[in-house]
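Each residue of the sequence shown is one higher than the one before, starting from 42 at the first, in this note's numbering.
Each residue gets a CB set at the ideal place from its N, CA and C atoms; glycine is no exception.
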Amino acid sequence: MIDFVNVQPQKITESIQPKNISAAEVSDQFGKFLNEAMANLNDQQAAVDKLNEGFVKGEISDVHQLMIASQKASLGLELTVQVRNKVIEAYQEIMRMQV
């Protein structure tokens, strides 16, 4: 019927405990994350361009590959734009705060 689930709260809470790292380390990690994300997005777009060229030359007969890769790149770009908009919005909100 219902299986017993062995949940160990100690292990769950250990993984979400805040770590003692400085703001500089956090900003470096975030910067690296953004750089990797942008490089990944660029790679996706390059792959779509390569598939487009292959399709135009007649080397690719499967249009599904091209459309799936194109949609992945499009969604990645939309996500990047939305993240950028949120970061700018957060920055503007911080600048409006009175100290």
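Excluding the 5 residues preceding and the 5 following residue i in the sequence, name in chain order all residues of the same chain whose CB lies nearer than 8 angstroms to its CB.
i: Met42; result: Legend: pLDDT at Met42 = 49, less than 50; position of this residue unreliable, no value from coordinates given.
i: Phe96; result: Val104, Leu107
Among the candidates the options, whose CA atom is the shortest distance from the CA of residue i?
i: Leu118; options: Val67, Gly72, Lys73, Asn81; result: Asn81
i: Ala114; options: Met79, Lys60, Glu77, Gln85; result: Gln85
i: Leu75; options: Lys91, Thr121, Ala64; result: Thr121
i: Val124; options: Ala78, Ile135, Gly99; result: Ala78
Spatial neighbours of residue i within its chain, please: C-beta separation below 6 angstroms, excluding the five flanking residues on both sides.
i: Val89; result: Ala110, Ser111, Ala114
i: Ala87; result: none
Is it buried or exposed, residue i, if we count other Cβ atoms within 10 angstroms and call 16 or more buried?
i: Leu92; result: buried
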